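Worksheet: one structure, shown below.
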Amino acid sequence: MSVRVRYAPSPTGLQHIGGVRTALFNYFFAKSQGGEFILRIEDTDRERYSDESLQDLYDTFKWLGIEWDEGPDKGGEYGPYVQSERFGLYTKYAEQLISEGKAYKCYCSSERLDALRAEQQKDKKSQQGYDRHCRDLTDEQRAEFEAQGVKPVIRFKIPLDGKTVFHDVLLGDVKRKNTDISPDPILIKSDGFPTYHLANIIDDHYMKITHIMRAQEWLPSGPLHILLYQAFEWEPPIYCHLPMVMGKDGQKLSKRHGSTSLKDFISGGYLPEAIINYISLIGWAYDDSREFFEKADLEKLFELEKLNKAPGVFDYKKLDWFNGQYIRKLTDDALKEKIIPYLADTGNLETPPTSAQDKMLDGMIPIIKERLKLLSDVVPMTAFLFSDISGYDVADLIPKKQDEAGTKKILEIGRPIIAQLNEQSDEELEEKFKALSEESGFKLGDLLSPLRVAVTGSRVSPPLFASIRLLGLEAALERIDAAIARF
RNA sequence: GUCUCCUUCGUCUAGUGGUUAGGACACCGGGUUUUCAUCCCGGCAACGGGGGUUCAAUUCCCCCAGGAGAUACCA
Numbered sequence: 002m003s004v005r006v007r008y009a010p011s012p013t014g015l016q017h018i019g020g021v022r023t024a025l026f027n028y029f030f031a032k033s034q035g036g037e038f039i040l041r042i043e044d045t046d047r048e049r050y051s052d053e054s055l056q057d058l059y060d061t062f063k064w065l066g067i068e069w070d071e072g073p074d075k076g077g078e079y080g081p082y083v084q085s086e087r088f089g090l091y092t093k094y095a096e097q098l099i100s101e102g103k104a105y106k107c108y109c110s111s112e113r114l115d116a117l118r119a120e121q122q123k124d125k126k127s128q129q130g131y132d133r134h135c136r137d138l139t140d141e142q143r144a145e146f147e148a149q150g151v152k153p154v155i156r157f158k159i160p161l162d163g164k165t166v167f168h169d170v171l172l173g174d175v176k177r178k179n180t181d182i183s184p185d186p187i188l189i190k191s192d193g194f195p196t197y198h199l200a201n202i203i204d205d206h207y208m209k210i211t212h213i214m215r216a217q218e219w220l221p222s223g224p225l226h227i228l229l230y231q232a233f234e235w236e237p238p239i240y241c242h243l244p245m246v247m248g249k250d251g252q253k254l255s256k257r258h259g260s261t262s263l264k265d266f267i268s269g270g271y272l273p274e275a276i277i278n279y280i281s282l283i284g285w286a287y288d289d290s291r292e293f294f295e296k297a298d299l300e301k302l303f304e305l306e307k308l309n310k311a312p313g314v315f316d317y318k319k320l321d322w323f324n325g326q327y328i329r330k331l332t333d334d335a336l337k338e339k340i341i342p343y344l345a346d347t348g349n350l351e352t353p354p355t356s357a358q359d360k361m362l363d364g365m366i367p368i369i370k371e372r373l374k375l376l377s378d379v380v381p382m383t384a385f386l387f388s389d390i391s392g393y394d395v396a397d398l399i400p401k402k403q404d405e406a407g408t409k410k411i412l413e414i415g416r417p418i419i420a421q422l423n424e425q426s427d428e429e430l431e432e433k434f435k436a437l438s439e440e441s442g443f444k445l446g447d448l449l450s451p452l453r454v455a456v457t458g459s460r461v462s463p464p465l466f467a468s469i470r471l472l473g474l475e476a477a478l479e480r481i482d483a484a485i486a487r488f
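2 is the number of the first residue of the first sequence in this note's numbering; add one for each residue after it.
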């Protein structure tokens with residue numbers, strides 16, 4: 002039987018690291034098995050639903066380069082792939098369970114439930130959750146509630162004894178006493194929409210999903226889902242609960258740990274290759290040494306057997322390192338295309354760039370490529386090319402162990418060499434500065450540092466001569482003169 | 001509170017009944033270099049604790065501790 006897996010996000014927020022990791026693992030598993038990867042939109046929470054979230058989902062996966070074989074935008078044999086369009090199906094099966102005595106209508110108000118929960122928490126009662134108040138209502142009682150116009154929810158009858166076992170590929174047999182399963186969970190909400198529990202079972206069955214890979218936070222509802230499959234007399238899929246992704250403090254990764262939405266990473270200057278590579282390595286490892294994997298590699302190499310059980314901490318620094326590595330692997334042209342938007346955003350570049358700007362971009366790439374960790378780093382790194390830099394502190398001009406007089410002298414004797422820049426190669430210029438160093442007694446670094454600050458406004462910059470070539474000699478000399486004038 | 005899952009360097013991990021417990025990031029040194037970065041070399045650093053089983057346990061079993069997750073008319 003061919004593998005069919007799904008990613009089933011709820012469009013109630015931006016796509017985040019955890020969700021994308023789940024999607025990626027499902028996708029890679031499907032591809033490695035020659036199976037199908039399906040996208041299903043679980044939009045049964047009408048309160049939190051938003052169109053932006055849905056758009057963000059599409060944008061994110063397009064950026065990542067991940068395509069599904071079946072989905073709302075793609076079609077497929079088992080559609081519709083949006084739960085709100087499958088409404089009738091859920092109601093039908095809920096009714097069926099009621100008629101079979103496996104589910105019941107509950108008329109409890111939210112207020113009563115809230116009060117119940119508050120009391121249970123306060124008293125630290127061992128029994129938590131719904132008290133099954135409506136499980137055995139008489140026909141008369143039900144009729145009375147109906148007459149009052151109370152909109153009921155439909156709850157599933159969890160057996161009062163016995164236990165439920167299911168097998169997890171990663172975790173082995175997971176056993177649970179039925180009394181420890183959430184007491185009679187809601188299947189259909191009072192607005193008529195199903196909860197996740199009901200909808201995912203029915204859809205996975207109808208869409209012929211063979212494997213469920215989802216985060217371990219779903220583990221506790223595993224037995225409930227098995228019970229539902231049993232109630233419908235359907236064959237459950239194979240389960241695999243993925244280890245969770247945590248923040249540095251060991252808690253479930255969330256916004257307070259830093260950026261978690263892919264949108265942030267995209268605008269922050271990360272490459273999809275780096276994101277895919279790094280994320281795939283949380284909870285999964287190929288062997289003891291290989292760590293570079295591109296999408297196409299993972300599509301072949303991914304294996305369930307190499308999954309880890311323990312949760313993993315998301316390491317922003319290692320992601321940054323991967324990103325730098327992938328930036329360096331880019332061709333100059335590819336890098337150029339990727340940095341243009343960042344420069345254009347600051348207004349430093351027109352869109353499309355003028356031919357002069359285009360030339361400048363070409364010259365810029367070789368000197369910044371090995372210095373970028375994030376694409377967005379290009380902005381501060383090249384700011385001296387586009388804007389006034391005179392705001393630096395005079396003290397920055399002065400090298401360590403030098404004084405004002407010495408610094409002024411350095412600028413004065415360095416200037417004539419810089420002035421020849423258009424006729425000289427970088428190597429020749431360097432030789433001249435080395436010779437100057439010999440005869441003046443100033444160390445080479447001390448000679449160049451004030452010039453660097455004068456031209457770029459910073460002690461840290463791309464190589465000086467190349468930077469001046471990009472800026473233009475005339476402007477550079479003006480900046481040097483301005484620096485001299487500050488003493 | 002209850003239930004469940006998890007436990008190798010700071011982090012991601014490899015690994016085996018007998019290994020100097022391997023790699024990567026980070027960090028710290030050193031080298032290359034006009035600063036920075038890149039690159040190269042080196043260093044630091046781990047089997048949570050206690051019982052067993054065994055000639056031998058990081059590895060197998062049990063207990064404990066710690067961490068996490070779930071306990072919603074959210075997924």
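Beta carbons are placed, not taken as given, at the ideal position from N, Cα and C, and that holds for glycine. Everything numeric in this text was worked out from a predicted model, so none of it was measured.
- The beta carbons of Gly72 and Ile39 sit closer together than 8 Å.
- Here DSSP, grouped into helix, strand and coil, assigns Phe157 to strand.
- Distance from the CA atom of Leu448 to the CA atom of Tyr59, rounded to whole angstroms, is 54 Å.
- DSSP places Thr165 within a strand segment (E or B) once states are collapsed to three.
- In this structure, Glu37 sits near Asp70, with a CB-CB distance shorter than 8 Å.
- Under the three-state reduction of DSSP output, Ala311 falls in the coil class, being neither helix nor strand.
- Bridge pairing for His212: Ile239 [DSSP].
- Assignment of Met2 by DSSP, reduced to helix, strand and coil, places it in the coil class.
- Nearest neighbour of Tyr230 by Cα position, chosen from Cys109, Arg133, Tyr94, turns out to be Tyr94.
- In summary, Lys103 is buried, with 16 or more beta-carbon neighbours lying within 10 Å of its beta-carbon over all protein chains present.
- The shortest C-alpha to C-alpha distance from Ile159 to any of Ile182, Val151, Ala148, Val170 is the one to Ile182.
- Contact check for Ile328 against Leu398 fails: the beta carbons are separated by 8 Å or more.
- In this structure, Arg470 is the residue among Val166, Arg470, Lys256 with its C-alpha nearest to the C-alpha of Ile419.
- In this structure, Ala200 sits near Gln84, with a CB-CB distance shorter than 8 Å.
- In this structure, the beta-carbon distance from Leu412 to Leu474 does not fall below 8 Å.
- Look at the beta carbons and you see the stretch 192 to 207 touching the stretch 41 to 60: at least three pairs across the two are nearer than 8 Å.
- The residue among Val4, Asp169, Ala148 with its C-alpha nearest the C-alpha of Phe29 is Val4.
- According to the DSSP assignment, Glu37 belongs to the beta strand (DSSP E) that extends over 37 to 40.
- At a cut-off of 3 residues, the continuous stretches assigned as beta strand (DSSP E) that sit fully inside the stretch 10 to 82 are 37 to 40.
- Excluding sequence positions up to five before and after Ile280, its CB lies within less than 7 Å of the CB of Ile18, Val21, Arg22, Leu25, all in the same chain and listed in chain order.
- Tyr8 sits in a strand when the DSSP states are folded into three classes.
- Excluding its 5 nearest sequence neighbours in each direction, Ile67 has C-beta neighbours in its own chain below 6 Å: Tyr28, listed in chain order.
- Following the DSSP letters along the chain, one finds Asp174 inside the beta strand (DSSP E) bounded by residues 173 to 178.
- By the criterion of at least three beta-carbon pairs nearer than 8 Å, the stretch 377 to 389 is in contact with the stretch 336 to 343.
- Per DSSP, Ala104 is one residue of the beta strand (DSSP E) stretching across 104 to 107.
- With respect to Ser262, Gly269 sits apart: the two C-beta atoms are not nearer than 8 Å.
- The DSSP assignment places 140 to 148 as complete runs of the alpha helix (DSSP H) inside the stretch 116 to 150, in order along the chain (cut-off: 4 residues).
- By the CB criterion at 8 Å, Asp57 and Gln121 fall outside the cutoff.
- In this structure, the straight-line span from the alpha carbon of Trp285 to that of Tyr317 is close to 17 Å.
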